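Here is the structure we will look at, set down as structure tokens.
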Amino acid sequence: MIAPVVELRGVSRVFPAGDVSVTALVDADLVVEPGDYVAVVGPSGSGKSTMLNILGLLDRPTSGTYLLEGIDTSTLSEGQRAGLRSRRIGFVFQSFHLLSHRTVLENVLLATIYNRMPRSERLPAAEEALRRVGLGHRMDFLPTRLSGGERQRVAIARAIVTRPALLLADEPTGNLDSATGESVLAFFDELRNDGLTLIVVTHDDKVSQHAERQVRLRDGRIERAA
Amino acid sequence: MTEAAVGPVAPDPRPEVAPASMSARDLLSEAVAGIFSRPGRTVLTVLGTVLGIGALVATLGVAKTAGNQIVGRFDELAATSVVVTNEQGFFGGGGPRVRIPADAEERLMRLNGVTAAGSMGSVDVGGALVRSVPIPDPLAQTEFQMSIYAASPGLFDAVRATLRTGRWFDAGHSERGDRVAVLGPGAAQRLNIGRVDQQPVIFIGEDPFVVIGIIEGVLRQPSLLNGVVIPEGTARQLYDYESASTVQIDVQIGAASLIAEQAPIALNPNEPGLLRVQKPPEPEDLRRQVESDVNALFLVLGGVALLVGAIGIANVTLVSVLERVGEIGLRRALGAARRHIAAQFLVESTAMGLVGGVIGASLGVLVVVGISAARTWTPVLDPWVPLAAPLVGGVTGLLAGVYPALRAARLEPVEALRSG
Ligand SMILES: Nc1ncnc2c1ncn2[C@@H]1O[C@H](COP(=O)(O)OP(=O)(O)O)[C@@H](O)[C@H]1O
Ligand SMILES: [Mg+2]
Numbered sequence: 001m002i003a004p005v006v007e008l009r010g011v012s013r014v015f016p017a018g019d020v021s022v023t024a025l026v027d028a029d030l031v032v033e034p035g036d037y038v039a040v041v042g043p044s045g046s047g048k049s050t051m052l053n054i055l056g057l058l059d060r061p062t063s064g065t066y067l068l069e070g071i072d073t074s075t076l077s078e079g080q081r082a083g084l085r086s087r088r089i090g091f092v093f094q095s096f097h098l099l100s101h102r103t104v105l106e107n108v109l110l111a112t113i114y115n116r117m118p119r120s121e122r123l124p125a126a127e128e129a130l131r132r133v134g135l136g137h138r139m140d141f142l143p144t145r146l147s148g149g150e151r152q153r154v155a156i157a158r159a160i161v162t163r164p165a166l167l168l169a170d171e172p173t174g175n176l177d178s179a180t181g182e183s184v185l186a187f188f189d190e191l192r193n194d195g196l197t198l199i200v201v202t203h204d205d206k207v208s209q210h211a212e213r214q215v216r217l218r219d220g221r222i223e224r225a226a
Numbered sequence: 227m228t229e230a231a232v233g234p235v236a237p238d239p240r241p242e243v244a245p246a247s248m249s250a251r252d253l254l255s256e257a258v259a260g261i262f263s264r265p266g267r268t269v270l271t272v273l274g275t276v277l278g279i280g281a282l283v284a285t286l287g288v289a290k291t292a293g294n295q296i297v298g299r300f301d302e303l304a305a306t307s308v309v310v311t312n313e314q315g316f317f318g319g320g321g322p323r324v325r326i327p328a329d330a331e332e333r334l335m336r337l338n339g340v341t342a343a344g345s346m347g348s349v350d351v352g353g354a355l356v357r358s359v360p361i362p363d364p365l366a367q368t369e370f371q372m373s374i375y376a377a378s379p380g381l382f383d384a385v386r387a388t389l390r391t392g393r394w395f396d397a398g399h400s401e402r403g404d405r406v407a408v409l410g411p412g413a414a415q416r417l418n419i420g421r422v423d424q425q426p427v428i429f430i431g432e433d434p435f436v437v438i439g440i441i442e443g444v445l446r447q448p449s450l451l452n453g454v455v456i457p458e459g460t461a462r463q464l465y466d467y468e469s470a471s472t473v474q475i476d477v478q479i480g481a482a483s484l485i486a487e488q489a490p491i492a493l494n495p496n497e498p499g500l501l502r503v504q505k506p507p508e509p510e511d512l513r514r515q516v517e518s519d520v521n522a523l524f525l526v527l528g529g530v531a532l533l534v535g536a537i538g539i540a541n542v543t544l545v546s547v548l549e550r551v552g553e554i555g556l557r558r559a560l561g562a563a564r565r566h567i568a569a570q571f572l573v574e575s576t577a578m579g580l581v582g583g584v585i586g587a588s589l590g591v592l593v594v595v596g597i598s599a600a601r602t603w604t605p606v607l608d609p610w611v612p613l614a615a616p617l618v619g620g621v622t623g624l625l626a627g628v629y630p631a632l633r634a635a636r637l638e639p640v641e642a643l644r645s646g
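Printed below as a string of structure tokens:
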């Protein structure tokens with residue numbers, strides 16, 4: 001039996017904020033199987049990003065257990081968590097996070113240097129990823145010369161170049177107009193059809209419609225897992 | 227595991243998950259890319275280190291060159307002169323003088339490194355005056371108070387004397403006690419003697435001496451210039467001359483120290499310590515002294531410049547860290563561990579220091595060459611200086627990068643991604 005890609009068991013995240021503390025995520029249970037496409041929805045401040053950061057090993061739960069591909073991540077060292085991020089997880093951010101002084105190709109290659117990918121495979125992999133997102137003709141451009149939609153496609157190419165098990169996207173269409181956002185989502189559908197596991201955070205119901213499952217958060221609690 | 231035998235050991239719960247890794251080559255190319263992403267700022271940053279290293283190299287080079295120059299110009303005459311005297315020290319007046327042996331010259335010439343040696347001493351003629359005419363002329367001053375010196379044959383070469391006319395006396399004159407004299411130019415003028423081919427005679431008191439030569443000049447022992455010089459043997463016979471007081475030794479360059487040690491032993495093996503030796507200052511000592519004088523001042527200035535350079539690098543690297551918070555967050559998300567982030571900024575600052583060091587060392591060398599050319603000096607620089615300078619720059623950059631790198635590594639990825 002293949003382990004779920006993601007398994008949260010009673011995961012909570014409490015932020016100490018002065019005298020009071022903010023509980024951003026309360027007792028969350030979640031299982032995401034390989035090939036799933038899950039949308040995490042909810043109003044602003046409901047804990048979506050908090051959850052995604054924990055899933056992406058960028059943050060640790062205050063309590064509860066998070067298994068990534070069957071591995072209990074609470075037992076891992078910082079270096080091992082970084083290793084898993086580089087090999088098993090791809091990130092897509094609302095604000096793209098491209099390095100403006102590097103070309104499109106170099107931005108994609110950046111993901112391969114922390115990944116132990118053999119040097120000879122890097123360039124072909126990056127070029128292939130860029131062609132996949134339809135930017136084969138923009139490789140030598142600086143990101144500043146690209147449109148928002150193109151930038152996000154570069155970011156997606158960077159996220160998939162290492163062939164991760166899990167793609168995490170936090171408001172990937174938040175900075176895009178709806179037509180461009182729609183094209184990015186269409187590309188996510190394609191990735192899902194290729195078997196990639198996706199978890200997309202959004203507060204936009206139109207975006208969440210692309211996913212086959214919605215996880216709704218309210219005040220840090222999962223309301224309904226459909 | 228030896229613990230297994232003692233009792234149950236909790237198994238390592240950590241599964242075999244490879245930690246993040248990054249090759250040195252990638253680290254380097256990322257750092258270089260970081261430096262070149264803002265070339266203008268990098269240039270300004272590096273400037274401080276360039277100035278610091280340049281000042282250090284130039285200082286060391288100029289000091290070395292100047293020191294060398296001083297030694298080069300350094301009086302060859304002084305460097306090859308060793309003088310032994312039997313004068314008592316300042317507090318030793320009254321004690322008996324050590325006798326300088328009559329064969330001092332031969333004893334010294336046996337030493338390796340001695341090119342000439344001769345002894346001399348004042349002769350006590352009991353206040354007798356010197357004149358060049360047999361009968362004193364009552365109308366003009368024809369009698370003079372003059373210093374009479376006894377000298378060994380070798381003294382002529384040892385003081386580097388030149389003759390205006392005639393000759394110097396030899397060992398034969400001394401052994402036979404011949405009454406011959408060589409006049410210093412001052413004495414010759416006063417005695418009104420200009421030539422010696424007619425064998426002019428002078429009188430010391432009532433003792434006649436044949437003048438066989440007139441000195442043109444001496445490079446050492448200038449008191450000879452106003453004196454009358456007679457052979458030691460003659461002085462012993464006529465005036466109970468007992469011992470020379472001064473031995474002038476001419477040595478090969480570089481031999482002065484050695485001869486200064488050996489000469490008293492050769493002259494007075496039983497108690498060499500009673501003789502006083504004047505030797506030239508060691509060229510090495512002199513050079514070092516000059517170097518350290520020049521160095522002390524400018525090394526401090528160079529150090530200050532370097533410190534300013536280090537602060538500059540630290541400052542810019544810190545600014546760069548703060549500006550690149552988003553990039554740091556991204557790299558962490560892409561799998562960079564904290565140490566990879568720290569290493570990247572350390573390598574960046576080290577590279578900037580290194581580049582500053584290389585440029586600074588080159589400029590420093592140019593300054594040394596330029597100053598030397600302007601002064602027609604021979605530029606001299608220890609080879610380790612231009613080689614070590616880039617290293618010093620690199621270490622400067624490394625140290626300057628420590629704090630910014632730690633700041634960068636300490637950033638929480640979530641925070642970094644949010645603010646970037
Ligand atoms: N580092 C933090 N310190 C304190 N409170 C935080 C921190 N991060 C998030 N929060 C709080 O946790 C809650 C959930 O935030 P977040 O997960 O970003 O919500 P969402 O992404 O759904 O808009 C919010 O109330 C937010 O203010
Ligand atoms: Mg959010």
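Residue numbers (the working numbering), protein chains in the order written: chain Y, 1 to 226; chain L, 227 to 646. All residues carry an ideal CB built from backbone N, CA and C; glycine is no exception. Keep in mind it's a predicted model, so treat the numbers as computed, not measured.
Within the chosen limit of 7 Å, ligand 1 reaches the beta carbon of residue 22 (chain Y) through at least one heavy atom. Annotation for residue 598 (chain L): the continuous alpha helix (DSSP H) segment containing it runs 564-601.
With fewer than 16 other Cβ atoms inside 10 Å of its own Cβ, residue 262 (chain L) counts as exposed. Using a Cβ-Cβ cut-off of 8 Å, residue 148 (chain Y) does not count as an interface residue toward chain L, since no Cβ of chain L sits closer than that to its own. With a cutoff of 8 Å on beta-carbon distance, residue 167 (chain Y) and residue 197 (chain Y) are scored as near each other. For residue 222 (chain Y) and residue 29 (chain Y), the gap between their C-alpha atoms comes out near 8 Å. Taking 8 Å as the cut-off, the Cβ atoms of residue 492 (chain L) and residue 306 (chain L) do not count as close. Within the model, the alpha-carbon separation for residue 422 (chain L) versus residue 371 (chain L) is close to 22 Å. Against residue 97 (chain Y), the close residues of chain L are 552, 553, 555, 556, 559, 643 and 646, in the order they occur along the chain (beta-carbon pairs closer than 9 Å).
With a beta-carbon spacing of about 5 Å, residue 627 (chain L) and residue 543 (chain L) fall inside the 8 Å limit used to define contacts.
For residue 2 (chain Y), no beta strand (DSSP E) segment is defined, and its DSSP state is neither H nor E. Judged by the Cβ position, residue 50 (chain Y) qualifies as a neighbour of ligand 1 at the 7 Å threshold, a heavy atom of the ligand being closer than this.
Below 8 Å, enough C-beta pairs join the region 391-410 of chain L and the region 454-468 of chain L to call them touching: three or more. Among the CB atoms of chain Y, one or more fall inside 8 Å of the CB of residue 244 (chain L). In terms of Cβ geometry, residue 558 (chain L) and residue 616 (chain L) do not form a close pair [threshold 8 Å].
Interface annotation, residue 15 (chain Y): not in contact with chain L, CB-CB separation never under 8 Å. The residue among L:424, L:391 and L:470 with its C-alpha nearest the C-alpha of residue 309 (chain L) is L:470.
In terms of side-chain proximity, the C-beta atom of residue 15 (chain Y) is found nearer than 7 Å to a non-hydrogen atom of ligand 1. In this structure, Y:139 is the residue among Y:211, Y:66, Y:4 and Y:139 with its C-alpha nearest to the C-alpha of residue 106 (chain Y). Taking a C-beta distance under 8 Å as the contact criterion, residue 537 (chain L) and residue 271 (chain L) do not qualify as a contact pair. Residues of chain Y whose Cβ lies closer than 9 Å to the Cβ of residue 578 (chain L) do not exist; the shortest such Cβ separation is about 16 Å. Close to residue 549 (chain L), with beta-carbon spacing below 9 Å, lies no residue of chain Y; the smallest spacing is near 11 Å. Counting only runs of 4+ residues, the alpha helix (DSSP H) found wholly inside the region 242-290 of chain L occupies 250-262, in chain order. Per DSSP, the unbroken alpha helix (DSSP H) holding residue 551 (chain L) starts and ends at 551-559. The residue from L:277, L:244, L:375 and L:437 with its alpha-carbon nearest to that of residue 528 (chain L) is L:277. Taking 8 Å as the cut-off, the beta carbon of residue 63 (chain Y) is found closer than this to the beta carbon of residue 10 (chain Y).
Two segments are said to touch when three or more pairs of C-beta atoms, one from each, lie closer than 8 Å; by this definition the region 333-349 of chain L touches the region 375-386 of chain L.
Listed along the chain, the chain L residues whose CB falls inside 8 Å of the CB of residue 203 (chain Y) amount to none; the nearest CB is some 16 Å away.
Using a C-beta cut-off of 8 Å, the region 549-556 of chain L makes no contact with the region 80-87 of chain Y, since fewer than three inter-stretch Cβ pairs fall below that distance. Scanning chain L for C-beta atoms nearer than 8 Å to the C-beta of residue 35 (chain Y) yields nothing, as the closest lies near 23 Å away.
With 16 or more other Cβ atoms from the protein chains shown falling within 10 Å of its own Cβ, residue 53 (chain Y) counts as buried. Close to residue 263 (chain L), with beta-carbon spacing below 9 Å, are these residues of chain Y in chain order: 99, 100, 101 and 102.
Inclusion of residue 159 (chain Y) and residue 96 (chain Y) in the CB contact set at 8 Å is not warranted, their separation being larger than that value. Restricting attention to Y:109, Y:183 and Y:36, the CA atom closest to the CA of residue 195 (chain Y) is found in Y:36.
In summary, residue 147 (chain Y) is exposed, with fewer than 16 beta-carbon neighbours lying within 10 Å of its beta-carbon over all protein chains present. In the DSSP annotation of this structure, the continuous segment of the beta strand (DSSP E) that includes residue 8 (chain Y) starts and ends at 6-17.
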